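Numbering (UniProt numbering), first residue to last: 1 to 170.
A quick write-up on the structure given underneath.
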């Protein structure tokens with residue numbers, strides 16, 4: 001297996017995937033590089049039969065580690081610098097109405113989900129449970145949780161965009 005060909009084949013796809021997770025293209029690019037370093041080391045130790053799967057799992061793990069680290073760092077900064085004055089501006093009536101409108105749309109979209117998908121979605125997005133925790137809670141496999149959440153997120157994204165577009169056309 002040629003590392004260069006694996007890199008050429010999967011680099012852009014990995015970077016797009018990571019950019020969605022970490023919400024920053026520059027950090028995603030750094031994580032892709034780190035991912036291929038890990039891949040290179042591991043390919044010297046063992047035969048990697050499914051390079052794409054290996055890369056995406058390593059990439060996801062690196063992204064989650066990055067997010068956890070970022071949260072810890074932000075929490076530390078916030079706790080060690082309490083003298084920062086946070087200026088709070090009260091939202092305008094128009095902003096509040098817009099937020100309420102979006103929340104109403106989102107709530108109705110979530111209510112449309114099938115029961116199991118809705119439960120998995122709420123456990124993950126509202127209560128912050130991991131896929132593994134949801135799998136235990138719902139007595140299903142991790143893979144089933146992934147599929148339920150993928151369907152739920154796709155439904156929510158498409159319906160929310162559609163309804164927002166409908167409102168702006170009115």
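Ideal Cβ placement from N, Cα and C applies to all residues, glycine included.
Everything numeric in this text was worked out from a predicted model, so none of it was measured.
Look up residue i in the DSSP assignment and say whether it is helix, strand or coil.
i           : result
residue 49  : coil
residue 138 : helix
residue 90  : coil
residue 80  : helix
residue 73  : helix
residue 130 : coil
Should residue i be labelled buried (16 or more other beta-carbon atoms within 10 Å of its own) or exposed?
i           : result
residue 77  : exposed
residue 46  : exposed
residue 28  : buried
residue 69  : exposed
residue 154 : exposed
residue 145 : buried
residue 66  : buried
How would you write the range of the alpha helix (DSSP H) that residue i sits in, first residue to last?
i           : result
residue 12  : 3–22
residue 103 : 93–112
residue 122 : 115–125
Output yes or no for whether 9 Å exceeds the beta carbon distance between residue i and residue j.
i           : j           : result
residue 62  : residue 96  : no
residue 136 : residue 116 : no
residue 120 : residue 134 : yes
residue 7   : residue 54  : no
residue 109 : residue 60  : no
residue 40  : residue 3   : yes
residue 103 : residue 123 : no
residue 57  : residue 9   : no
residue 113 : residue 156 : yes
residue 64  : residue 21  : yes
residue 127 : residue 142 : no
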